[in-house]
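Encoded as C-alpha cells, the structure appears first; notes follow it.
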Amino acid sequence: MKTRVTEILGIQYPIVQGGLAYLAYAELAAAVSNAGGLGQITAATLRTPEKLREEIRKVRTLTNKPFGVNFAIARHDGNYQELLEVAIEERVPAISITGGNPQPVLERIKGENIRTLVLVAGVRQAQKAEQLGADIVMAVGQEGGGHLGREDIGTMVLTPRVVDSVSIPVLASGGIGDGRGLLAALALGAEGIEMGTRFIATQECIHANEKYKQAIVNANETNTVVIKRTLGAPGRALKSEFTQGIIDREKQGATYEDLKEIISGKANCNYIYDGKEAEGFGWAGQVIGLINNIPTVQELIDEMLQTAENGLSRLGAIFEK
Ligand SMILES: Cc1cc2nc3c(=O)[nH]c(=O)nc-3n(C[C@H](O)[C@H](O)[C@H](O)COP(=O)(O)O)c2cc1C
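Residue numbering for the sequence shown is 31 to 351, as defined by this note's numbering.
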C-alpha cells in the first residue's frame with residue numbers, strides 16, 4: 031500500500047498501533063512493526079529514563095523496522111522532558127503526542143529527523159498541530175477506547191472534517207478493528223488508521239490479563255461506558271460494576287479528589303494486569319463489538335488487508351456500469 035503516511039513513516043501498511051497505557055511494550059510494538067505497520071511503546075507508563083531507554087533498545091532487538099514512542103503529555107504531569115531526551119538520544123524513528131499542547135515537544139524535536147504524529151479529537155487541534163509542524167495527525171472519534179475529545183464527534187464525521195481542514199496526512203482512529211474499517215477510513219480521505227483496542231486482543235499484547243482480553247472478545251458494542259466526563263477528561267472503558275460505580279459517584283457530584291483512587295493507574299492495572307474486576311477498570315472502545323478472536327498481530331493485519339481488498343472488489347462491482 032502507498033499513501034503519504036507509508037512514505038513519511040517508511041512502513042508497508044498505513045496502520046499505526048496507538049499508545050496503550052500499561053500495555054504498549056516492546057513485544058507488541060515490534061510485532062506491529064514486523065507485520066508492516068508502526069508499533070509504539072508508551073513512555074508514560076515506563077516512567078523513568080532508564081526504563082524507556084531499555085525498552086527502546088529491546089524493540090530494536092526484536093525488529094529492524096520503524097517504530098514510535100508515545101508521549102501522553104498530561105499523564106507525565108509535565109515531567110516528560112527527560113524521557114523525551116532519551117527518545118531523541120536513541121534516535122527513535124517516530125514520536126506521537128497526545129493529551130496536551132504538543133508545542134514544546136514538536137519544538138524540541140525539530141531538526142532531529144524524527145517523524146511526528148499528533149493525536150487530536152477536533153478540527154482546531156488538527157490545524158494547530160499542522161501549524162506547529164506535525165508530520166501527521168491522527169483524528170480519534172468518540173467510539174474510541176481510552177481518553178477522548180470532549181465534543182463526542184464520531185469517526186465518520188470527524189475524519190472527513192479533519193481531512194478537509196489540514197493539508198498534512200490524516201489517520202482515522204476510533205472504532206476501527208477490521209479491513210472494512212480500514213477501507214472505510216481510506217474512503218473518507220484518511221491515509222491510514224490508528225487502532226488501540228483491537229491490538230489488546232492479540233497474542234503479542236502479553237501484559238494484558240486473559241480476563242481483559244476475553245472480556246473484549248465476549249463483549250458487544252453496547253458494553254462500554256464513558257467515565258471521568260464530569261472531570262472534563264472523558265475516557266471509554268469496559269462496562270462493569272466498577273465503572274458503573276465511578277459514574278454513579280460522578281452523578282452525585284464527586285470531585286477529582288473523591289475519585290482519584292478509583293480512576294487511578296493503579297485501579298487500571300488491578301484489572302488489566304491482575305484481572306480483579308471488583309478493584310479496577312480497563313479502557314476499551316466500541317469496536318469490541320467487532321472483536322471475536324485473539325490472533326497474532328501478523329494474522330490480524332493479513333486478515334485486515336485481505337478483507338479490505340475483498341471489500342474494494344465488492345465496491346468496484348457496485349459501481350460497475
Ligand atoms: C487501553 C488503552 C490505553 C490507551 N492509552 C493511551 C496512551 O497512553 N496514549 C495515547 O496516545 N492513547 C492511548 N489510548 C488511545 C489509543 O491510542 C487510540 O487512540 C484509541 O484506542 C483508538 O480507538 P480504538 O480503541 O477504537 O481503536 C489508549 C486506548 C486504550 C484502549
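All C-beta atoms, glycine included, are put in the ideal place defined by N, C-alpha and C.
These numbers come from a predicted model, not from an experiment.
Just to confirm the assignment: which complete beta strand (DSSP E) runs, minimum length 3, are found wholly within the region 119–155?
As far as the region 119–155 is concerned, its whole beta strand (DSSP E) runs of at least 3 residues are 124–128 and 145–150.
DSSP puts leucine 201 in a beta bridge; with which residues?
DSSP output for leucine 201 lists Met168 as bridge partner(s).
Of all the options Glu234, Thr189 and Val167, which has the alpha carbon lying nearest to the alpha carbon of valine 35?
The candidate whose alpha carbon is nearest that of valine 35 is Val167.
Any contact of the region 87–96 with the region 104–119, i.e. 3+ C-beta pairs under 8 angstroms?
Counting Cβ pairs under 8 angstroms, fewer than three are found: no touch.
Hey, could you find the ends of the alpha helix (DSSP H) valine 187 is sitting in?
Start and end: 185–195.
On the criterion of 16 or more Cβ atoms from any shown chain inside 10 Å, does lysine 243 qualify as buried, or is it exposed?
The residue is buried, with at least 16 neighbouring Cβ atoms inside 10 Å.
Considering Cα atoms alone, identify which of Thr260, Val187 and Ala231 is closest to valine 327.
Considering only alpha carbons, the answer is Ala231.
Is isoleucine 139 near ligand 2, going by C-beta to nearest heavy atom under 7 angstroms?
Annotation note on ligand 2: not contained in the displayed structure, which lists ligand 1 as its ligands.
Cβ of alanine 267 within 8 angstroms of Cβ of glycine 207?
Not in contact: alanine 267 and glycine 207 (Cβ atoms no closer than 8 angstroms).
So what does DSSP say about isoleucine 103, is it helix, strand or coil?
Reduced to three states, the DSSP call for isoleucine 103 is helix.
Kindly examine ligand 1 and report whether one of its heavy atoms sits closer than 7 angstroms to the Cβ of asparagine 300.
No, Cβ of asparagine 300 sits at least 7 angstroms from all heavy atoms of ligand 1.
Label threonine 75 either buried or exposed according to how many other C-beta atoms from any shown protein chain fall within 10 Å of its C-beta, with 16 as the threshold for buried.
Label assigned to threonine 75: buried.
Using the three-state DSSP reduction, which class does alanine 54 fall into: helix, strand or coil?
Three-state DSSP puts alanine 54 in coil, outside helix and strand.
Would you report the Cα separation of glycine 319 and leucine 149, rounded to the nearest angstrom?
One C-alpha to the other measures close to 23 angstroms.
Taking only three categories from DSSP, how would you classify methionine 334?
Of the three classes helix, strand and coil, the one that applies to methionine 334 here is helix, per DSSP.
Alpha carbon to alpha carbon, how far is glutamine 282 from proline 199? Give it in angstroms, no decimals.
Going from the Cα of proline 199 to the Cα of glutamine 282 covers about 43 angstroms.
Within the region 222–256, note down every full beta strand (DSSP E) run reaching 3 residues or more, in order along the chain.
Qualifying beta strand (DSSP E) stretches, in chain order: 223–225.
On the premise that glycine 48 lies in contact with glycine 226, defined as a C-beta separation below 8 angstroms, what is that separation, rounded to the nearest angstrom?
At roughly 4 angstroms, the Cβ-Cβ gap stays under 8 angstroms, so glycine 226 and glycine 48 are in contact.
Looking at C-alpha atoms only, which residue of Leu114, Thr128 and Val153 is the closest neighbour of lysine 140?
Checked all of Leu114, Thr128 and Val153; the closest Cα to lysine 140 is Leu114.
Can you tell me whether glutamate 251 sits near ligand 1, meaning its C-beta is under 7 angstroms from at least one heavy atom of the ligand?
It does not: the Cβ of glutamate 251 is nowhere closer than 7 angstroms to a heavy atom of ligand 1.
At 3 residues or longer, what runs of the beta strand (DSSP E) sit wholly inside the region 255–313?
DSSP runs (the beta strand (DSSP E)) wholly in the region 255–313: 265–268.
With which residues is glutamine 70 paired in a DSSP beta bridge?
In the DSSP output, where bridge partners are listed per residue, glutamine 70 has Gly98.
Excluding five sequence neighbours on each side, which residues of the same chain lie with their C-beta closer than 7 angstroms to the C-beta of alanine 104?
Once the five neighbours on either side are set aside, the close Cβ partners of alanine 104 are Gly129 and Gly130.
Does the count of Cβ pairs from the region 185–202 and the region 211–224 closer than 8 angstroms reach three?
A contact exists between the region 185–202 and the region 211–224.
Express the C-alpha separation of leucine 289 and tyrosine 301 in angstroms, rounding to a whole number.
Cα to Cα, tyrosine 301 sits roughly 17 angstroms from leucine 289.
Relative to the alpha-carbon of glutamate 57, which residue among Glu333, Ile324 and Cys235 has its alpha-carbon at the smallest distance?
Among Glu333, Ile324 and Cys235, the Cα nearest to that of glutamate 57 belongs to Cys235.
Indicate the three-state DSSP secondary structure (helix, strand or coil) for glutamine 42 in the structure shown.
Of the three classes helix, strand and coil, the one that applies to glutamine 42 here is coil, per DSSP.
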